[in-house]
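Numbering (my numbering), first residue to last: 1 to 869. Where is the CB? At the ideal position from N, CA and C, for every residue including glycine. Structure first, commentary second.
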Amino acid sequence: MITAFVPTLNNEKTIGRVLKAIKAQTVRPKRIIVIDSGSADATESICLDAGVEFYPKSYFGDFEILGLGRARNRILELIDTPYLLSVDSDIILRPDHIEKILPMFAEDPAIAGIAGRQIELNRIHMGDKCRALVDMRDLYNESRKLKDEFRPFLMGSNNIYRTDALHIVGMAENGNKFRPFEDAFMSNYEDADVGHKLTKHGYKLLWTPSVPTYHLQKDDVRSYINRAYRYRVFKWLRNGGFETEEAYAGKIEHNINYVRMGINIITEKQRSYLAYPFFLAGFSFFIEDILHFEQGHPMARKIYNSFLKSMEHCKSEELKRGILEFNRLILDNITLERTEEYDERILEWFLSLADLSAFHKKFPAMHDTKLTETDENTRISCLTASKKRMEAEENLNIYGNFKVMLMNLPWRKENGRYGVRAGSRWPHTYDMGRYDSALPPYIPYPFFLGHTFSLLQRAGISSWMCDAVAEGYTEEEAIFEAFGYEPNLIIAEVSVPSLTGDLKTLSDIKAFLPDTKICITGPLPKDIIAQLKEKSFIDHIIDGEYEFAALKLAQDLKHKRMTQKTVPMERQDDYAQLPVPERLFTPFYNYNDRPVAALKYPSLQIQLSRGCPFGCSFCVLPSVFYGDRYRKGDIVKAVNEIEKNLKTFGIQSFYADDDTFNVDKRHVAAFAQELIDRGLNLPWMAMARADTLNDKELLTLLKQSGLIGLKFGIESTNQAVLAEMNKKLNIEKCQETFEICRELGIGIHLTFTLGYLADTPVTAENTFRWLIGQNPDSMQVSLTIPFPGTPMFDTLKNMNVLTDMNMDGYDGADNLPFETPMGRERVKMLKQQWIAAWLAFKKGERTEASQLTAFSDPNGLSEYIGSRL
Numbered sequence: 001m002i003t004a005f006v007p008t009l010n011n012e013k014t015i016g017r018v019l020k021a022i023k024a025q026t027v028r029p030k031r032i033i034v035i036d037s038g039s040a041d042a043t044e045s046i047c048l049d050a051g052v053e054f055y056p057k058s059y060f061g062d063f064e065i066l067g068l069g070r071a072r073n074r075i076l077e078l079i080d081t082p083y084l085l086s087v088d089s090d091i092i093l094r095p096d097h098i099e100k101i102l103p104m105f106a107e108d109p110a111i112a113g114i115a116g117r118q119i120e121l122n123r124i125h126m127g128d129k130c131r132a133l134v135d136m137r138d139l140y141n142e143s144r145k146l147k148d149e150f151r152p153f154l155m156g157s158n159n160i161y162r163t164d165a166l167h168i169v170g171m172a173e174n175g176n177k178f179r180p181f182e183d184a185f186m187s188n189y190e191d192a193d194v195g196h197k198l199t200k201h202g203y204k205l206l207w208t209p210s211v212p213t214y215h216l217q218k219d220d221v222r223s224y225i226n227r228a229y230r231y232r233v234f235k236w237l238r239n240g241g242f243e244t245e246e247a248y249a250g251k252i253e254h255n256i257n258y259v260r261m262g263i264n265i266i267t268e269k270q271r272s273y274l275a276y277p278f279f280l281a282g283f284s285f286f287i288e289d290i291l292h293f294e295q296g297h298p299m300a301r302k303i304y305n306s307f308l309k310s311m312e313h314c315k316s317e318e319l320k321r322g323i324l325e326f327n328r329l330i331l332d333n334i335t336l337e338r339t340e341e342y343d344e345r346i347l348e349w350f351l352s353l354a355d356l357s358a359f360h361k362k363f364p365a366m367h368d369t370k371l372t373e374t375d376e377n378t379r380i381s382c383l384t385a386s387k388k389r390m391e392a393e394e395n396l397n398i399y400g401n402f403k404v405m406l407m408n409l410p411w412r413k414e415n416g417r418y419g420v421r422a423g424s425r426w427p428h429t430y431d432m433g434r435y436d437s438a439l440p441p442y443i444p445y446p447f448f449l450g451h452t453f454s455l456l457q458r459a460g461i462s463s464w465m466c467d468a469v470a471e472g473y474t475e476e477e478a479i480f481e482a483f484g485y486e487p488n489l490i491i492a493e494v495s496v497p498s499l500t501g502d503l504k505t506l507s508d509i510k511a512f513l514p515d516t517k518i519c520i521t522g523p524l525p526k527d528i529i530a531q532l533k534e535k536s537f538i539d540h541i542i543d544g545e546y547e548f549a550a551l552k553l554a555q556d557l558k559h560k561r562m563t564q565k566t567v568p569m570e571r572q573d574d575y576a577q578l579p580v581p582e583r584l585f586t587p588f589y590n591y592n593d594r595p596v597a598a599l600k601y602p603s604l605q606i607q608l609s610r611g612c613p614f615g616c617s618f619c620v621l622p623s624v625f626y627g628d629r630y631r632k633g634d635i636v637k638a639v640n641e642i643e644k645n646l647k648t649f650g651i652q653s654f655y656a657d658d659d660t661f662n663v664d665k666r667h668v669a670a671f672a673q674e675l676i677d678r679g680l681n682l683p684w685m686a687m688a689r690a691d692t693l694n695d696k697e698l699l700t701l702l703k704q705s706g707l708i709g710l711k712f713g714i715e716s717t718n719q720a721v722l723a724e725m726n727k728k729l730n731i732e733k734c735q736e737t738f739e740i741c742r743e744l745g746i747g748i749h750l751t752f753t754l755g756y757l758a759d760t761p762v763t764a765e766n767t768f769r770w771l772i773g774q775n776p777d778s779m780q781v782s783l784t785i786p787f788p789g790t791p792m793f794d795t796l797k798n799m800n801v802l803t804d805m806n807m808d809g810y811d812g813a814d815n816l817p818f819e820t821p822m823g824r825e826r827v828k829m830l831k832q833q834w835i836a837a838w839l840a841f842k843k844g845e846r847t848e849a850s851q852l853t854a855f856s857d858p859n860g861l862s863e864y865i866g867s868r869l
């Protein structure tokens with residue numbers, strides 16, 4: 001019925017897996033034939049050991065290299081089956097590949113060939129990411145949104161053809177039924193050519209996303225650019241594209257459109273760390289073209305002159321050096337003299353790259369709602385950081401005999417909401433319909449994952465960190481990054497409100513990787529951990545803060561030592577001993593926590609301490625993750641980190657994201673003094689406690705070090721409400737702190753919560769009046785969420801108040817999972833009216849009583865707001 005054919009050349013690393021997948025087909029091929037173009041590695045012995053037919057190039061004649069075109073023709077001489085499955089020697093098929101595709105031919109007799117969707121499995125290195133995201137666009141859209149379609153050609157990497165259709169085309173085009181392909185196409189374009197012939201003769205070629213295949217190709221940035229260029233230049237060489245300037249005009253547009261497409265995709269998907277490869281390609285495609293013109297061709301001179309001219313306008317010497325070095329071999333062998341001859345289109349394109357205007361005006365901050373455009377230095381820093389990442393990849397310990405993958409799994413809801421968890425003390429989702437970007441405006445840095453990754457690297461354990469939330473990944477992208485990496489251990493940080501989706505994603509990963517150990521961790525209460533222990537696809541659970549516990553688990557598994565399903569927390573009394581968290585191999589420019597615009601983008605998130613002794617009943621991390629122990633970090637190390645990120649990423653501010661920044665005043669003062677001593681006068685903010693910071697001397701020092709604002713959790717001004725949350729806050733001392741801040745010019749950002757049992761329309765109105773009276777620079781208000789494991793959750797559960805025990809509903813953004821004396825719907829209305837009235841107040845607009853109906857005294861509140869304008 002069908003023959004399986006694998007053309008190959010030096011594919012010892014992958015062909016064994018390819019043949020194993022073919023032999024595992026539920027519909028077995030009559031024969032499995034490998035045609036080799038001249039391998040010098042162990043390909044032949046692997047094929048023979050696999051028990052398949054192997055034909056070396058010498059079988060077909062005296063060829064230096066057989067090539068793809070010849071191989072695809074010669075296979076037709078060897079088979080007698082009505083169907084031919086062609087699979088490249090780096091493509092993995094699912095067991096039901098043939099079983100699914102063959103019946104599709106019966107649906108339309110005009111169908112000559114069918115191919116499945118090709119998914120890139122290697123998605124770690126920048127070259128691989130570029131190929132997957134731009135060249136293949138394999139997961140650009142989710143599979144469920146894709147439909148079968150007829151295409152002008154099928155990729156040669158995976159397809160099934162009707163043998164008779166190939167015979168007919170071979171006879172019609174080349175006078176030989178065994179020659180439908182062109183022998184001259186040695187390495188590519190043979191698939192596009194035969195597709196053109198088949199469609200010309202009335203045949204249809206079907207592409208179906210319902211049959212996925214998996215590509216094992218690996219690329220660094222150079223091989224990716226070279227491969228992308230070779231694949232595209234072929235048709236222009238064949239069709240005389242380098243003979244005249246008129247003929248070359250189409251190639252100019254082709255080069256520009258490809259690179260522009262790449263820039264647009266990485267901008268849309270917010271993968272700004274891939275900017276440098278496309279910046280390089282924008283020049284390199286044209287520099288490579290110079291080699292294809294005849295000696296002395298005027299177009300070659302115009303390209304060369306346009307390139308040299310653009311280099312005079314390059315905004316960054318480092319980027320300029322990178323372009324010259326990347327193209328050194330070609331440039332050193334160009335003998336053209338520089339003249340004033342230019343091609344206007346090419347020069348305009350080169351200049352747009354050199355001055356970075358080829359990138360969107362908001363690049364790379366597409367999700368930042370406080371910006372309309374980024375400055376030139378930010379774009380330069382983003383490109384140079386991308387370059388540094390490319391150069392550092394080869395020194396990172398990613399691949400080895402034992403690999404660990406750290407994951408912050410994607411959190412997307414069917415209703416279009418997008419969640420953040422790792423790095424946030426308040427897991428919550430955003431309505432993405434409100435934003436014109438792939439990401440929400442707030443993306444926290446996942447400190448636990450970052451520290452763990454640095455620990456693993458320091459210990460010599462091959463590892464990779466996948467922050468799918470900050471990457472903007474879909475579930476498919478996260479799953480296939482894991483599938484391609486094939487780690488021995490996956491450690492995923494999860495949260496209670498995202499747990500349903502987290503478990504589904506991990507279960508799907510386990511289906512692809514049954515031998516991989518799955519470990520979950522995160523702020524999970526004991527009863528949920530007990531339930532998770534029953535999940536067969538979960539091998540380990542780390543209970544509590546996990547950096548050192550994760551390292552120990554990895555070491556135990558690597559050395560095949562006995563492990564437990566529930567891994568106890570390794571006490572981390574010396575927080576200062578943790579290594580600096582990884583930044584370069586993360587989507588750095590996506591991390592964003594800027595309560596006010598004055599905290600300039602890009603902004604670094606750092607931590608100087610861990611823990612909080614104040615015991616608020618709603619706070620999940622101290623309650624569930626690491627207790628109320630307060631531990632200080634190393635001040636010098638923290639300031640070193642700020643300096644390093646200033647040089648690497650061009651940060652323009654930073655945010656101290658401690659649980660409570662000002663627990664130890666001497667620690668805070670020492671940090672400020674270190675900043676002053678080093679001249680690091682960057683604007684910065686911190687999350688602090690208001691009633692313990694009424695210290696003018698300390699605040700003056702902080703201001704001198706660059707402090708521009710403080711974020712304070714107030715929640716409520718009513719003592720009964722504060723008592724319910726065990727927040728022993730002295731409102732009078734808070735006001736003293738605010739007075740000092742205003743005097744010193746330190747901005748104030750306040751946070752509030754609505755929905756406690758003691759909350760009433762009166763308490764809410766009084767707190768709102770107090771907010772208007774204080775008139776901070778900014779504020780935020782949230783609904784109460786009693787996260788499981790917190791004292792608040794336990795209290796409400798014991799009172800039988802909780803009406804929603806579906807943990808998916810414990811989303812810190814838009815849900816109140818219990819009924820209150822005030823009424824759930826009224827609390828939600830209060831939040832909406834609170835926000836609307838606040839925004840109007842900050843604009844100098846009065847809010848009418850009809851818009852304040854959820855408060856206790858709409859008329860009185862409206863008048864009060866008006867009196868404060």
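| query | result |
| --- | --- |
| Pairwise C-alpha distance: Ser306 and His292 | 17 Å |
| Cβ contact check for the region 348–356 and the region 579–591: 3 or more pairs under 8 Å | no |
| Unbroken beta strand (DSSP E) run spanning Arg31, endpoints | Arg31 to Asp36 |
| Cα-Cα separation, Gln719 to Glu732 | 12 Å |
| Supposed close pair Thr700, Leu744 - CB separation, criterion 8 Å | 6 Å |
| Of the residues Thr374, Phe480 and Arg389, the one placed nearest Pro410, counting alpha carbons only | Phe480 |
| Cβ-based burial, Phe768 [other Cβ within 10 Å; buried from 16] | buried |
| Nonlocal neighbours in the same chain, by C-beta distance under 7 Å from Lys20, ignoring five residues either side | none |
| Asn775 classed as buried or exposed, judged by whether at least 16 other C-beta atoms fall within 10 angstroms | exposed |
| Test item: CB-CB of Ser498 and Phe537 under 8 Å | no |
| Residues bridged to Leu754 (per DSSP) | Leu783 |
| The region 798–805 in contact with the region 522–531 per 3-pair CB rule at 8 Å | no |
| Met171 CB to nearest heavy atom of the ligand HEM below 7 Å | What this structure holds is no ligand at all, so the ligand HEM is not there to describe. |
| Option in Pro525, Asp657 and Ala598 with minimal Cα separation from Gly627 | Pro525 |
| Thr335 burial status per 10 Å Cβ neighbour count (16 or more: buried) | exposed |
| Proximity winner among Glu863, His667 and Ser653, relative to Leu682 (alpha-carbon distances) | Ser653 |
| Residues near Asn815 by beta carbon distance below 6 Å, same chain, minus five either side | Gly809 |
| Rounded straight-line distance, which links the Cα of Val496 to that of Pro786 | 11 Å |
| Assigned secondary structure, Leu85 (DSSP; H/G/I helix, E/B strand, else coil) | strand |
| Spatial neighbours of Pro180 in its chain, beta-carbon cut-off 6 Å, leaving aside the 5 residues before and after | Leu166, Val169, Gly170 and Val194 |
| Between the CA atoms of Ile266 and Phe453 - distance to the nearest angstrom | 25 Å |
| Beta-bridge partners of Thr847, as assigned by DSSP | Thr847 is not bridged to any residue. |
| Distance CB(Lys30)-CB(Thr81) smaller than 8 Å | yes |
| Limits of the unbroken beta strand (DSSP E) element including Val404 | Lys403 to Asn408 |
| Inter-residue spacing [alpha-carbon to alpha-carbon] between Leu553 and Gln851 | 56 Å |
| Per DSSP, the bridge partner or partners of Glu149 | Trp207 |
| Cβ pair count under 8 Å reaching 3, the region 46–57 against the region 123–133 | no |
| Distance, Asp128 Cα to Pro277 Cα | 11 Å |
| Pick from His540, Phe671 and Val469 that is closest to Glu641, judged by C-alpha positions | Phe671 |
| Same chain, Cβ closer than 6 Å to Tyr546, neighbours up to 5 away in sequence not counted | Thr521 |
| Continuous alpha helix (DSSP H) stretch holding Met709: start and end | Looking at the sequence provided, one finds Gly at residue 709 rather than Met. Per DSSP, Gly709 belongs to no alpha helix (DSSP H); it is in the beta strand (DSSP E), Leu707 to Glu715. |
| Burial state of Met1, where buried means 16 or more other Cβ atoms lie within 10 Å | exposed |
| Inter-residue CB distance, Leu783 and Lys831 (contact presumed, cutoff 8 Å) | 6 Å |
| Beta-carbon proximity check, Asp658 vs Met687, cutoff 8 Å | yes |
| Assigned secondary structure, Leu347 (DSSP; H/G/I helix, E/B strand, else coil) | helix |
| Given 8 Å, three or more beta-carbon pairs between the region 400–415 and the region 487–495 | yes |
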